[in-house]
Amino acid sequence: MQTASDRHEYPAHWEADVVLRDGGTARIRPITAEDADRLVSFYEQVSDESKYYRFFAPYPRLSAKDVHRFTHHDFVDRVGLAATIGGEFIATVRYDRIGAAGQPAGAGTSDEAEVAFLVQDAHQGRGVASALLEHIAAVARERGIRRFTAEVLPANTKMIKVFTDAGYTQKRSFEDGVVRLEFDIEPTDRSLAVQRAREQRAEGRSVRRLLVPGSVAVVGVGRAPGGVGRSILDHIRDGGFTGRLHAVNRAFEAGRTEIAGVPAHRSVREIDGPVDLAVVAVPAEHVPGVVTECGEHGVQGLVVISAGYAESGPEGRERQRALVRHARAYGMRIIGPNAFGIVNTSPGVRLNASLAPEMPRPGRIGMFAQSGAIGIALLSRLHRRGGGVTGTTGVSTFVSSGNRADVSGNDVLQYWYDDPDTDVALMYLESIGNPRKFTRLARRTAAAKPLVVVQGAGSAPQGHAVRATRLPHATVSALLRQAGVIRVDTITELVDTGLLLARQPLPSGPRVAILGNSESLGVLTYDRCLAEGLRPQPPRDLTTAASAEDFRAALAQALADETSDAVVVTAIPALGEGATEDAALAAALQSAAEAAPGKPVLVVHVELGGLAEALSAAASTGPQAAPGTATPATAPAAPATAPAAPATGPGALTASTTAAAPQTTPAQPSDAAPPRPAAGPRLIPAYPAAERAVRALAEAVRYGQWRREAADPGKVPEYDDIDERGAAELIRTLLARGQGLTLGPEETCELLGRYGVHVRRALPAPTPDTAAEAARSLGYPVALKATAPHLRHRADLGGVRLDLADEEQLRRAYAELTELFGKPEELRPVVQAMAPRGVDTVVRAVIDPAAGAVLSFGLAGAASQLLDDMAHRLVPVTGREATSMVRSIRTAPLLFGWRGSAPVDTPALEELLLRVSRLVDDHPEVVAVTLEPAVVAPRGVSVLSASVRLAPPPARDDLGPRTLPAY
Numbered sequence: 007m008q009t010a011s012d013r014h015e016y017p018a019h020w021e022a023d024v025v026l027r028d029g030g031t032a033r034i035r036p037i038t039a040e041d042a043d044r045l046v047s048f049y050e051q052v053s054d055e056s057k058y059y060r061f062f063a064p065y066p067r068l069s070a071k072d073v074h075r076f077t078h079h080d081f082v083d084r085v086g087l088a089a090t091i092g093g094e095f096i097a098t099v100r101y102d103r104i105g106a107a108g109q110p111a112g113a114g115t116s117d118e119a120e121v122a123f124l125v126q127d128a129h130q131g132r133g134v135a136s137a138l139l140e141h142i143a144a145v146a147r148e149r150g151i152r153r154f155t156a157e158v159l160p161a162n163t164k165m166i167k168v169f170t171d172a173g174y175t176q177k178r179s180f181e182d183g184v185v186r187l188e189f190d191i192e193p194t195d196r197s198l199a200v201q202r203a204r205e206q207r208a209e210g211r212s213v214r215r216l217l218v219p220g221s222v223a224v225v226g227v228g229r230a231p232g233g234v235g236r237s238i239l240d241h242i243r244d245g246g247f248t249g250r251l252h253a254v255n256r257a258f259e260a261g262r263t264e265i266a267g268v269p270a271h272r273s274v275r276e277i278d279g280p281v282d283l284a285v286v287a288v289p290a291e292h293v294p295g296v297v298t299e300c301g302e303h304g305v306q307g308l309v310v311i312s313a314g315y316a317e318s319g320p321e322g323r324e325r326q327r328a329l330v331r332h333a334r335a336y337g338m339r340i341i342g343p344n345a346f347g348i349v350n351t352s353p354g355v356r357l358n359a360s361l362a363p364e365m366p367r368p369g370r371i372g373m374f375a376q377s378g379a380i381g382i383a384l385l386s387r388l389h390r391r392g393g394g395v396t397g398t399t400g401v402s403t404f405v406s407s408g409n410r411a412d413v414s415g416n417d418v419l420q421y422w423y424d425d426p427d428t429d430v431a432l433m434y435l436e437s438i439g440n441p442r443k444f445t446r447l448a449r450r451t452a453a454a455k456p457l458v459v460v461q462g463a464g465s466a467p468q469g470h471a472v473r474a475t476r477l478p479h480a481t482v483s484a485l486l487r488q489a490g491v492i493r494v495d496t497i498t499e500l501v502d503t504g505l506l507l508a509r510q511p512l513p514s515g516p517r518v519a520i521l522g523n524s525e526s527l528g529v530l531t532y533d534r535c536l537a538e539g540l541r542p543q544p545p546r547d548l549t550t551a552a553s554a555e556d557f558r559a560a561l562a563q564a565l566a567d568e569t570s571d572a573v574v575v576t577a578i579p580a581l582g583e584g585a586t587e588d589a590a591l592a593a594a595l596q597s598a599a600e601a602a603p604g605k606p607v608l609v610v611h612v613e614l615g616g617l618a619e620a621l622s623a624a625a626s627t628g629p630q631a632a633p634g635t636a637t638p639a640t641a642p643a644a645p646a647t648a649p650a651a652p653a654t655g656p657g658a659l660t661a662s663t664t665a666a667a668p669q670t671t672p673a674q675p676s677d678a679a680p681p682r683p684a685a686g687p688r689l690i691p692a693y694p695a696a697e698r699a700v701r702a703l704a705e706a707v708r709y710g711q712w713r714r715e716a717a718d719p720g721k722v723p724e725y726d727d728i729d730e731r732g733a734a735e736l737i738r739t740l741l742a743r744g745q746g747l748t749l750g751p752e753e754t755c756e757l758l759g760r761y762g763v764h765v766r767r768a769l770p771a772p773t774p775d776t777a778a779e780a781a782r783s784l785g786y787p788v789a790l791k792a793t794a795p796h797l798r799h800r801a802d803l804g805g806v807r808l809d810l811a812d813e814e815q816l817r818r819a820y821a822e823l824t825e826l827f828g829k830p831e832e833l834r835p836v837v838q839a840m841a842p843r844g845v846d847t848v849v850r851a852v853i854d855p856a857a858g859a860v861l862s863f864g865l866a867g868a869a870s871q872l873l874d875d876m877a878h879r880l881v882p883v884t885g886r887e888a889t890s891m892v893r894s895i896r897t898a899p900l901l902f903g904w905r906g907s908a909p910v911d912t913p914a915l916e917e918l919l920l921r922v923s924r925l926v927d928d929h930p931e932v933v934a935v936t937l938e939p940a941v942v943a944p945r946g947v948s949v950l951s952a953s954v955r956l957a958p959p960p961a962r963d964d965l966g967p968r969t970l971p972a973y
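What the sequence shown shows, in my numbering, is residues 7 to 973, in sequence order.
1) Would you identify the three-state DSSP class for I34, choosing helix, strand or coil?
2) Within a Cβ cutoff of 8 Å, which residues of the same chain sit near V73, ignoring the five residues on either side of it in sequence?
3) For E15, I'd like the list of residues in its chain whose CB is within less than 6 Å of its CB, leaving aside the five on either flank, ordered along the chain.
4) If you drop the 5 nearest sequence neighbours on each side, which residues of the same chain put their C-beta closer than 8 Å to that of V200?
5) Since A706 and V574 should fall inside the 8 Å C-beta cutoff, what is the C-beta to C-beta distance between them, to a whole number of angstroms?
6) Spatial neighbours of F444 within its chain, please: C-beta separation below 6 Å, excluding the five flanking residues on both sides.
7) Can you list, in chain order, the residues of its chain with a C-beta nearer than 6 Å to that of F48? Leave out the 5 residues immediately preceding and following it.
8) Whole angstroms is fine: what's the gap from R84's alpha carbon to E120's?
9) I think R713 touches L507, with their Cβ atoms under 8 Å apart; what is that distance to the nearest whole Å?
10) Do R843 and A943 count as a contact pair if the criterion is CB distance below 8 Å?
11) Could you check what DSSP says for L790 in three-state terms: helix, strand or coil?
12) Would you say V845 and V910 are within 8 Å of each other, going by their C-beta atoms?
13) What are the start and end residues of the alpha helix (DSSP H) that includes Q563?
14) Within the chosen definition, does the segment 925-939 reach the segment 951-959 through at least 3 CB pairs nearer than 8 Å?
15) Check for me: the alpha helix (DSSP H) holding D425 runs from which residue to which?
16) Note down the Cα distance separating D190 from R100, rounded to an integer number of angstroms.
17) According to DSSP, is R767 part of a helix, a strand, or is it coil?
18) How big is the Cα-Cα spacing for P366 and A316?
19) Take F62 and list the residues in its own chain whose beta-carbon comes closer than 7 Å to its own, dropping the five residues that flank it on each side.
20) Starting from the C-beta of D874, find all residues in its chain whose C-beta is less than 6 Å away, skip the five residues before and the five after it, and write them out in chain order.
21) Within the same chain, show all residues whose beta-carbon is closer than 7 Å to that of D677, passing over the 5 residues directly before and after it, in chain order.
22) Just to confirm, are A915 and V947 a CB contact at a threshold of 8 Å?
23) Identify, in the order they occur along the chain, each residue of the same chain with its Cβ nearer than 7 Å to the Cβ of P304, setting aside the five sequence neighbours on each side.
24) Measuring straight from C-alpha to C-alpha, what distance separates A594 and P456?
25) For E715 and S197, what's the separation of their Cα atoms in angstroms?
26) State yes or no: is the C-beta of A97 within less than 8 Å of the C-beta of I104?
27) For M373, does the three-state DSSP call read helix, strand or coil?
28) Quick one: what's G522 bridged to in DSSP?
29) For V23, count neighbouring C-beta atoms within 10 Å of its own C-beta (all shown protein chains included) and say buried if the count is 16 or more, exposed if not.
30) In angstroms with no decimal places, state the Cα-to-Cα distance between L810 and C755.
31) Relative to the C-alpha of L901, which candidate in G864, R924 and V922 has its C-alpha closest?
32) So for I151, helix, strand or coil by DSSP?
33) For R215, I'd like the list of residues in its chain whose CB is within less than 6 Å of its CB, leaving aside the five on either flank, ordered along the chain.
34) Count the other CB atoms within 10 Å of the CB of V184; is the residue buried (16 or more) or exposed (fewer)?
35) So the candidates are E321, A972, R924 and E188; which of them puts its Cα closest to the Cα of A888?
36) What did DSSP end up calling E21 once you bin it into helix, strand or coil?
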């Protein structure tokens, strides 16, 4: 046993679960004296070649001295970590602090350490060493080590590659037949890029193992029809799953070999051959035994349908944590518990491991829902006609995560990012467990394919583990939009927008042409376009006598018009029209649209079920090319096994997205957006109401604008007068006083001044005489302000007197304030030199533990507060983003000469935003900054009041090694 003399406290926070390169998981933890037997067993399974590479000589077994050395650590100067699966070691890494001559050294005398790895041969090539390097480097930085050295034999190319591919700046030398590597272990832009690329590949593959299994076992299959397990087995079988399927129930009678035509087993252990995925539908108390069976059989992942976990209360929450720990110990990932299931419509898979009774039609839309009920609604809306949605719309993959104990929306985004079968991603999120990571992944995904999200505004469901955030829901929504997320409010809007994006090219601008055979419907569409911020042209009325050819000619003309970016066609039925006329109109619209593939076309129809059906007939969700890049091509029709849709009902949005042929895409560089597959037939979505069509179009316009801006996001500017080093020294001095403090006025002015933000002096005025003295030192005219908390920033209450030109006016104003509001000690009056007149604004920056540093801007005053009219951006803010912030608030016209007022100096305001952004980005100890008011005049900006709060910065897990959320 280790004693207190040769060890420090066990660092439990170093324990972590990681996803490996192939999608499996492993646990990384410190090695202790209790691991002696595990270490010996591990070493016995390593090949002689790997032992030779580790020790530079034949080393068949470890001596007792070796075992003691490799298991006894002080967790400061000597540290060992192990990667484990099923509790057994699969790899180890250790560092020993060394001095300049390579001899052992102690903390405080050296910041260099020698590092060495050993990976079991059976697990080489899985990225284990790369993950261990990230974690041992983080441990070393925590213990004051800044540089690693490693000696490697030239023939050990795999280990050399681990070091060279890590992204650190290295120095390499060759001496005495050994390659010596030296590298600093502080994260760099390149090392973070490498780490995140590995994260994307690993997490994407971990989801692929669940969605593309070669064999599936359903555990908990009832002997009689009905019940959850039996239903899921039937759904997988009836859906045409292309792999091997097994039914498992320990209650099966001995000798039973099949049930419902599927091989039957009493245990997963009895299955002959590998099992990739287990769907678990047994009572919660029996799940641990099933997990053990699956882990010992080598199952790669679990979908846990069983309920009775965190959604049921504290006891269930502990049961859920134990479930995740248990599964990860065997390298398995979990969807669920309390999940609705998963679906993959790819012709090569055809997996319906869900409670949905019918296999959804194949298509190009990926769907993720945390709620089973919402998942049912989404699948239903994308499958049937009626209820406001289309008839033959298809999905590529569907995941319902239930309690989201392990696999989350972040993981599914990683999979969708380079999934060639998914063109549009739809997500219903009741909570966001890691907003900082979700925002990062969403930004990258949205640059390649549209991401449409409905986010619940209430508290997180009981079963969800969510990081605490102090940001209001509206702020989080604004940050998602900044990341390119198409944020909608309802499931109807989610589907409406997703269908448009799946079928039509992105509009290149907000100009909308409107044409149709109903003047009133055209006017209604025009009004909705204005309300959504679009720029509609006057509607063109074709009259109710318009023929299909009239529609075709008008649409062709509108599409050819360079002054429009999208076309909305409105249609009402004429007396006596039937299916023939509907089909003719649909064919005419399709013909015109296909001749001009660069602009989106939408249809708003009234009681034209035949038209909607005709528009969706014999079409597919073939991916759409970027505007003007590809010619539509024919795609195969939907499989004959696809269930028929019921007839169109009232209020139906009708158009179809049926199966497209699977596409193969060559491997892409990890940092490149995956290419869009070739274009398929162009589908025209039809909406039963103008407001739904226009809202979807407006979201597409905003997303298209974001895509264009994201291609050139701008730069974070440099300012010559910023004193970053001086600010750091000042912050260090101030924090020496305590863990967290709000700075006084002088300290606030000094710190902000280091970043070129100058606050106008405000001198305390506890008496009329001191007020007069302060005014004389500042120079007239002055302002007299009450700074008591209940009067601060409340000019509407009368606690401010402006433009006091002399001492007489000042004393009179002082008397009025004290008469109205109380004694000077209650009012805390101050005197301040008058700033040039302008528009009062407020600038804030906060560091949120979940989302990171956020910069906010708006106009000061009650109206903006009531309307929540603030713009928000993640720090650091670029010049382009600062310009966008200023113009994005609803009250922005006040800055640009509204109603004949003088426009103010918005470039100076943007510079102020950028300087505050730089301050909080450069110094994470600055956890809150408020400038209120900052008066923007026709020339310049004056900060009249400011506050700054300092604290030790919150931990940045996005800069540390890759880990799964802890349980």
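All C-beta atoms, glycine included, are put in the ideal place defined by N, C-alpha and C.
Short version:
1) In the sequence shown, the residue the question calls residue 34 occupies position 28. I34 falls in the strand class under three-state DSSP.
2) For the purposes of this step, residue 73 is taken as the residue at position 67 of the sequence shown. If we look at V73 and ignore the five residues flanking it on each side, its Cβ neighbours are A42, L45 and V46.
3) The residue labelled residue 15 in the question sits at position 9 within the sequence shown. For E15, where only same-chain residues beyond five positions count, there are no Cβ hits under 6 Å.
4) Counted from its first residue, the sequence shown places residue 200 at position 194. A distance below 8 Å between beta-carbons, with the five flanking residues on each side excluded, links V200 to the following residues of its chain, in chain order: D171, A172 and G173.
5) Residue 706 sits at position 700 when you count from the first residue of the sequence shown. Residue 574 sits at position 568 when you count from the first residue of the sequence shown. Contact flag wrong, Cβ pair sits at about 12 Å.
6) Translated into the one-based positions of the sequence shown, residue 444 becomes position 438. Cβ within range, chain order: N416 and I438.
7) On the sequence shown, position 42 is the one that residue 48 refers to. For F48, where only same-chain residues beyond five positions count, the Cβ hits under 6 Å are F95.
8) By 1-based counting over the sequence shown, the position of residue 84 is 78. By 1-based counting over the sequence shown, the position of residue 120 is 114. Going by the C-alpha atoms only, they are around 10 Å apart.
9) For the purposes of this step, residue 713 is taken as residue 707 along the sequence shown, with counting starting at 1. For the purposes of this step, residue 507 is taken as residue 501 along the sequence shown, with counting starting at 1. Between L507 and R713 the Cβ distance is about 11 Å, and since that is not below 8 Å, they are no contact.
10) Locating residue 943 in the sequence shown gives position 937, counting from the first residue. Locating residue 843 in the sequence shown gives position 837, counting from the first residue. A contact, by the Cβ cut-off of 8 Å.
11) Numbered from its first residue, the sequence shown carries residue 790 at position 784. Correct three-state label for L790: strand.
12) Counted from its first residue, the sequence shown places residue 845 at position 839. Counted from its first residue, the sequence shown places residue 910 at position 904. Going by C-beta atoms, V845 is nearer than 8 Å to V910.
13) Taking the first residue of the sequence shown as 1, we reach residue 563 at position 557. A554 to A566 is the span of the alpha helix (DSSP H), which, as asked, contains Q563.
14) yes
15) As a position in the sequence shown, residue 425 is number 419, starting the count at 1. Run containing D425: none; DSSP gives neither H nor E here.
16) Locating residue 190 in the sequence shown gives position 184, where the first residue counts as 1. Locating residue 100 in the sequence shown gives position 94, where the first residue counts as 1. So the two alpha carbons sit approximately 17 Å from each other.
17) Counting from one through the sequence shown, the residue named residue 767 turns up at place 761. R767: coil per DSSP, three-state reduction.
18) Here the question's residue 366 lines up with position 360 in the sequence shown. Here the question's residue 316 lines up with position 310 in the sequence shown. Whole-angstrom Cα-Cα distance: 30 Å.
19) Within the sequence shown, numbered from 1, the residue matching residue 62 stands at position 56. Within the same chain, F62 has close Cβ partners L159.
20) Your numbering for residue 874 matches position 868 in the sequence shown. Hits under 6 Å: A480.
21) By one-based count along the sequence shown, residue 677 stands at place 671. For D677, the predicted structure reports a pLDDT of 44, less than 50, and the residue's modelled location is therefore unreliable. A value from the coordinates is still provided. So the list reads A199 and A203, once near-sequence residues are dropped.
22) Numbered from its first residue, the sequence shown carries residue 915 at position 909. Numbered from its first residue, the sequence shown carries residue 947 at position 941. The amino acid at residue 915 is misidentified as Ala; the sequence shows Leu. The answer is yes: Cβ separation under 8 Å.
23) Residue 304 sits at position 298 when you count from the first residue of the sequence shown. Inspection of the sequence shows that residue 304 is occupied by Gly rather than by Pro. P280, listed in sequence order.
24) By one-based count along the sequence shown, residue 594 stands at place 588. By one-based count along the sequence shown, residue 456 stands at place 450. So the alpha carbons of these two residues sit roughly 29 Å apart.
25) In the sequence shown, counting from the first residue as 1, residue 715 sits at position 709. In the sequence shown, counting from the first residue as 1, residue 197 sits at position 191. Here the C-alpha atom of E715 lies approximately 27 Å from the C-alpha atom of S197.
26) The residue you call residue 97 lines up with position 91 of the sequence shown. The residue you call residue 104 lines up with position 98 of the sequence shown. Their beta carbons are not under 8 Å apart, which means A97 does not touch I104 by this criterion.
27) Position 367 of the sequence shown, counted from the start, is the residue given in the question as residue 373. Strand, per DSSP.
28) Counting from 1 along the sequence shown, the entry for residue 522 is found at position 516. G522 is bridged to D547 and T576.
29) Here residue 23 corresponds to residue number 17 of the sequence shown, with the count starting at 1. At residue 23 the sequence reads Asp, which differs from the Val that was named. The residue is buried, with at least 16 neighbouring Cβ atoms inside 10 Å.
30) Within the sequence shown, the letter at position 804 stands for residue 810. Within the sequence shown, the letter at position 749 stands for residue 755. Between the C-alpha atoms of L810 and C755 there is a straight-line separation of about 24 Å.
31) Walking along the sequence shown from the start, residue 901 turns up at place 895. Looking at the Cα atoms, G864 is the closest of the given residues.
32) Translated into the one-based positions of the sequence shown, residue 151 becomes position 145. Correct three-state label for I151: coil.
33) Counting from 1 along the sequence shown, the entry for residue 215 is found at position 209. Excluding positions up to five away in sequence, the list reads G29, Q306 and G307.
34) As a position in the sequence shown, residue 184 is number 178, starting the count at 1. That one is exposed.
35) Start at 1 with the first residue of the sequence shown, and residue 888 comes out as number 882. Cα-wise, what sits closest to A888 is R924.
36) Here residue 21 refers to the residue found at position 15 of the sequence shown. Coil, per DSSP.
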